[in-house]
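Novice: Sharing a structure with you now.
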Amino acid sequence: MRTISTVLLLCGLGIFLAGAETEPSWDTLERQFRQLPPEARRLLGPLFWLHGDESPERLQMYVEKVAEGGNGCFTTESRPHKDWLGEGWYHDLGICLAAAKKNGLKMWIFDEKWWPSGEVAGKVPQQYGSKRLLATATNITGPARFSAANFEGTNFIAVVSGRETADGIDGASLVDLTKDIRNGSLEWNVPDGNWKIIKFTYTVQKAGSRYLVDGASA
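The sequence shown begins at 10 in my numbering and counts up by one.
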């Protein structure tokens, strides 16, 4: 047992000494930190607060300071800007972008005025707001005559029907009844069997009192 313990101790000591010999010095670490390659520097950079009242010379000077500090990128911060998405905002972005190219920096742009992203500072029109699909179903056994109203409105999408089986709705039996709507009313001669008539509409969702961007409608 003592022999085994001695062998393990010697092995551990050897590993420790080998690691100590290969461990870089503080001078080496500092040099590596100060001489980061360009691809690594592009991952480092500050938030660049824009207010809308800085002169072009001041913006250019700030970008130069970012580069002098060893950064490879910066992010234009939109929250304090007084003309976000206006001409002043894009004017300042143009100055910053030109300065970034001159100093070899990558420039990121915040896509929102505040968190969370997607509200566009409350400027999203209702028609482009995020939507949620709603489905209401009516069961009916045929043969029969189906007649109902309220198949209309700006939020109405479509109405379909399908034959019900023990495994659910038979996909091969699906019928688009939207074309049969007249003045908001639907009349349909239901074939033999158990059928489900499904009406699809949508509702516009909000984040509090603001609409969120619906990417599918943009």
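Glycine included, each C-beta is placed from N, C-alpha and C at the ideal position.
Name the one or two DSSP bridge partners that E39 has.
Specialist: Answer is none; E39 lacks a bridge partner.
Novice: Can you tell me where the alpha helix (DSSP H) holding R67 begins and where it ends?
Specialist: P65 to E77
Novice: Quick one: is W123 buried, meaning 16 or more other Cβ sit within 10 Å of its Cβ, or exposed?
Specialist: exposed
Novice: Measure how close the beta-carbons of A109 and V72 come, nearest whole angstrom, since I'm counting them as under 8 Å.
Specialist: 6 Å
Novice: Among residues of its own chain, excluding the 5 on either side of E86, which ones have a beta-carbon nearer than 7 Å to its beta-carbon?
Specialist: Excluding positions up to five away in sequence, the list reads L56, F57, W58, L59 and F119.
Novice: Have a look at the DSSP bridge pairing and note the partners of R191.
Specialist: S194
Novice: Quick check on the burial criterion: 16 or more other C-beta atoms within 10 angstroms. Buried or exposed for L38?
Specialist: exposed
Novice: Quick one: what's got a C-beta closer than 6 Å to E161's C-beta in the same chain, skipping five residues either side?
Specialist: G193
Novice: Using the Cβ count rule (16 or more neighbours within 10 Å means buried), how would you classify F83?
Specialist: The residue in question, F83, is buried, as its Cβ has 16 or more Cβ neighbours within 10 Å.
Novice: Could you check the C-alpha separation between R88 and A216 for me, to the nearest Å?
Specialist: 18 Å
Novice: Can you give, in chain order, each stretch of the beta strand (DSSP E) that sits fully within the region 84-127 and has at least 3 residues?
Specialist: 115-118
Novice: Just confirm the distance between the C-beta atoms of N148 and K205, as a whole number of angstroms; I'd bet it's less than 8 Å.
Specialist: 6 Å
Novice: Can you name, in chain order, every residue of its own chain whose Cβ lies under 6 Å from the Cβ of V184, other than the five neighbours on each side?
Specialist: S170
Novice: How about R141 and T187: are their beta carbons less than 8 Å apart?
Specialist: no
Novice: Answer with buried or exposed for T210, where buried requires no fewer than 16 other C-beta atoms within 10 angstroms of its C-beta.
Specialist: buried
Novice: Can you tell me where the beta strand (DSSP E) holding R141 begins and where it ends?
Specialist: K140 to A157
Novice: Suppose you measure from the CA of Y99 to the CA of E77; what does that come to, to the nearest Å?
Specialist: 25 Å
Novice: Kindly give me the distance between the Cβ atoms of G61 and G97, rounded to whole angstroms, as I take these residues to be in contact under 8 Å.
Specialist: 5 Å
Novice: Quick one: what's got a C-beta closer than 6 Å to F165's C-beta in the same chain, skipping five residues either side?
Specialist: If we look at F165 and ignore the five residues flanking it on each side, its Cβ neighbours are T210.
Novice: Rounded to whole angstroms, what's the CA-CA distance from L114 to A146? Just pull it up for me.
Specialist: 57 Å
Novice: Using the Cβ count rule (16 or more neighbours within 10 Å means buried), how would you classify E128?
Specialist: The residue is buried, with at least 16 neighbouring Cβ atoms inside 10 Å.
Novice: F57: beta carbon under 7 Å from a heavy atom of the ligand MG?
Specialist: Only the bare structure without any ligand can be found here, which leaves the ligand MG out of the picture.
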